[in-house]
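Residue numbers (my numbering): 421 to 695.
Notes to accompany the following structure.
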Amino acid sequence: MYPITIQLIVMLFVVHFALSRQVEYKKTQSDPGFSVKERSNSKEEGHYVPKLGVRLQKTPASFLSVGPFDSVTLECEAEGNPSPTIYWLKNGRRIHQGTWEESELSQDINTNEMVTRGVSRTRSRLYLDCVSPKDEGIFSCIAENPYQRVSGETDLKLSEEERETRNAVCVAKKSFGTPARIHMWTRTRIETQGNDIQLFCRASGNPQPQINWIRGDDESKIIKDSEKYKILENGDLVIRNLSWGDLGGYTCMAKNVNGAAKTFTFVYPAMPEEK
Ligand SMILES: *[C@@H]1O[C@H](CO)[C@@H](O)[C@H](O)[C@H]1NC(C)=O
């Protein structure tokens with residue numbers, strides 16, 4: 421377990437996050453330019469029912485100048501209900517990052533009509549190694565769920581510097597495999613108790629990385645398949661029948677012979693609505 425103060429800070433963050441969302445979602449209701457479909461089953465007024473949609477929270481700079489043979493990581497974060505997935509385009513064509521990038525959400529979990537607070541934040545990274553002139557172009561980060569799709573663009577250009585020593589490093593690196601890297605994961609998930617959730621952890625690398633999930637950051641507490649948990653083939657973690665006891669952090673660890681990566685997800689089980 422990590423120190424209690426960290427838990428408290430994270431909890432305060434989540435409460436703030438939930439409340440600020442409430443205000444923002446109300447605001448967008450009166451915005452005629454906002455094209456997200458209304459929930460068909462909205463209950464009486466006064467209930468917190470996040471609208472179905474996606475918004476970008478973080479995108480890379482609109483212009484990026486990168487030295488030749490440098491490595492650069494583009495990062496994008498989106499918030500939405502249901503959980504948004506994120507992928508990248510280069511000059512309008514899809515970039516494939518790893519085997520599991522396009523695997524679908526489990527339908528039984530993610531189309532649950534009981535979901536009332538299923539707000540989550542998804543983050544994605546695009547790793548560009550040893551950038552060369554062929555890497556120049558417009559990169560788009562696309563975040564989507566079944567209700568909405570949003571995008572942000574970055575114009576990547578090479579700077580004029582000479583980097584011959586780095587070129588040598590790049591050539592050397594490329595003769596080995598690539599390390600395990602996590603290119604899409606869930607950062608925060610708020611969900612009503614009693615529902616099931618799917619937390620993303622999609623990794624790429626050569627050879628294909630192995631995935632482990634742990635509770636908190638204690639590497640001795642590896643999560644195993646059980647009635648409560650299921651680790652999907654794509655690396656995602658399913659937690660069933662969310663309860664208050666599931667509050668807290670989950671770490672996804674990806675590993676292959678060339679390197680390891682980990683990401684952290686915070687889960688907040690919200691109180692069910694009163695019937
Ligand atoms: C879900 O968990 C609660 C306790 O947290 C339990 O009472 C209930 O029976 C569980 N429901 C299912 C479908 O397993």
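Positions of the beta carbon are idealized from the N, C-alpha and C atoms, including for glycine.
- With a 10 Å radius around the Cβ and a threshold of 16 neighbouring Cβ atoms, V551 comes out buried.
- Proximity annotation: ligand 1 has residues N661, S663 in chain order, each selected because its CB is closer than 5 Å to a heavy atom of the ligand.
- For W605, the uninterrupted beta strand (DSSP E) run begins and ends at 601-612, by DSSP.
- With respect to A674, P627 sits apart: the two C-beta atoms are not nearer than 8 Å.
- According to the DSSP assignment, Y547 belongs to the beta strand (DSSP E) that extends over 540-548.
- Where K510 is concerned, the enclosing beta strand (DSSP E) starts and stops at 505-510.
- Judged by DSSP in its simplified three-state form, P502 adopts coil rather than helix or strand.
- The Cβ neighbour count for D645, taken over all protein chains shown within 10 Å, is under 16; the residue is labelled exposed.
- Annotated three-state conformation of K554 is helix, per DSSP.
- Three or more pairs of CB atoms, one per stretch, sit closer than 8 Å, so the segment 680-695 contacts the segment 649-667.
- Looking from the CA of K510, the closest CA among S485, G597, T574, Y649 belongs to T574.
- The segment 563-574 makes no contact with the segment 637-651, as fewer than three CB pairs between them are under 8 Å.
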